[in-house]
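One structure below.
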Amino acid sequence: MHEMSLAEGLIQVVEEAAGARTVRTVRLEIGRLAAVELSALRFAFEVVRQGTVAQDAALDVVALPGQAWCMKCCQTVTIEARGDGCPRCGSHQLQVTGGDEMRVKELELA
40 MHEMSLAEGL IQVVEEAAGA RTVRTVRLEI GRLAAVELSA LRFAFEVVRQ
90 GTVAQDAALD VVALPGQAWC MKCCQTVTIE ARGDGCPRCG SHQLQVTGGD
140 EMRVKELELA
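For any residue, its number in this note's numbering is found by taking its place in the sequence shown, counting from 1, and adding 39.
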């Protein structure tokens, strides 16, 4: 489960950004193609936040759509999963251009 290491890295980023201030909310953007199981990430965050500045913080996740460039119809398209065909022409010649990222968007501090 790589979500535990993601949560540990997330806490490191949060602690560096917050300093000694208490964190109320951590807002993340996670792309649908990032291969992150949200329920596992939420569980891991609950575990690793104990004893940190984010001990009582809520985790707010915004899911970003997957985007790809279709080489056949030369259009940027939205996809739900890797391996999906182009919703316009059905081609599987797609280059992922977005939706595979995970980033801290905002911290709400006390």
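Even for Gly, the Cβ is constructed at its ideal location relative to N, Cα and C.
The structure displayed is predicted, hence computed values, not measured ones.
Close Cβ partners of residue i (< 7 Å) along its chain, the five nearest in sequence each way excluded
i, result
"Arg88", "Ile50, Gln94 and Ala96"
"Arg81", "Leu98"
"Val100", "Leu67, Ile69 and Leu77"
Spatial neighbours of residue i in its chain, beta-carbon cut-off 6 Å, leaving aside the 5 residues before and after
i, result
"Glu147", "Arg63 and Thr64"
"Ile118", "Gly105 and Ala107"
With 16 other Cβ atoms within 10 Å as the buried cut-off, status of residue i
i, result
"Glu42", "buried"
"Gly105", "buried"
"Ala59", "exposed"
Proximity winner among the options, relative to residue i (alpha-carbon distances)
i, options, result
"Ala57", "Val100, Glu68, Thr91 and Leu80", "Thr91"
"Gly70", "Cys125, Ala46 and Ala102", "Ala102"
"Ala79", "Asp99, Gly105, Ala46 and Arg60", "Ala46"
"Gln114", "Arg121, Gly122, Gln132 and Ala120", "Gln132"
Distance between residue j and residue i (C-alpha atoms, nearest Å)
i, j, result
"Ser130", "Thr136", "16 Å"
Contacting residues, own chain, Cβ-Cβ under 8 Å from residue i (five flanking each side not counted)
i, result
"Cys112", "Cys125, Arg127, Cys128 and Ser130"
"Val52", "Val143"
Cβ separation of residue i and residue j, assumed to be a contact under 8 Å, to the nearest whole Å
i, j, result
"Met141", "Ala73", "5 Å"
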